[in-house]
Amino acid sequence: MTVAGDMGYREAMEQELSKRIDDLHRRFDDLRADLAARFAAVDKRIDDLRADMLARFSAVDKRIDELRVDMNQRLGDMNQRFADMNQRITTLTWVISAWFTFLSAVLAVFGFLRR
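Following this line, the structure appears as structure tokens:
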């Protein structure tokens, strides 16, 4: 081998190495583009799932609000019924108290008259 032959080999190797490095860069660019496309699809799917979850949570929140309003209405109605019942019991207590007072007075008068 001569020096001129070594130079041709060196140039050929540099060209081959340059081609291979360019091929690697192209493959990495293709791989990078493929990964970006896949991640974009995954990001879109996550965004869709997030939107679906937000819609479901909004529906659940709305339903809970409706149930809370309904429960407040029912508790308010029960409170009114208890207040009415309390008034009736108070009235009944007054009537019974007046009745016993009246009976005590009648018995006292009849007991006084009997002597």
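Residue numbers (my numbering): 3 to 117.
Virtual Cβ for every residue (Gly too), placed ideally from N, Cα, C.
Coarse secondary structure for residue i, derived from DSSP in three states
| i | result |
| --- | --- |
| ILE98 | helix |
| MET3 | Caution is warranted here: a pLDDT of 48 is assigned to MET3, below 50, making its placement in the model unreliable, and the coordinate value is therefore given only provisionally. In the structure shown, MET3 sits in coil (DSSP, three-state: anything other than H, G, I, E or B). |
Residue-chain proximity (residue i, chain D), Cβ-Cβ < 8 Å
| i | result |
| --- | --- |
| ASP79 | The structure shown contains no chain D; it holds only a single protein chain. |
Close beta carbons around residue i, own chain, < 8 Å, minus the five adjacent residues each side
| i | result |
| --- | --- |
| TRP96 | none |
Residues of its chain near residue i, where Cβ-Cβ distance is below 6 Å and the 5 sequence neighbours each way are ignored
| i | result |
| --- | --- |
| THR2 | Since the displayed the chain opens at 3 and closes at 117, residue 2 lies outside it and no answer follows. |
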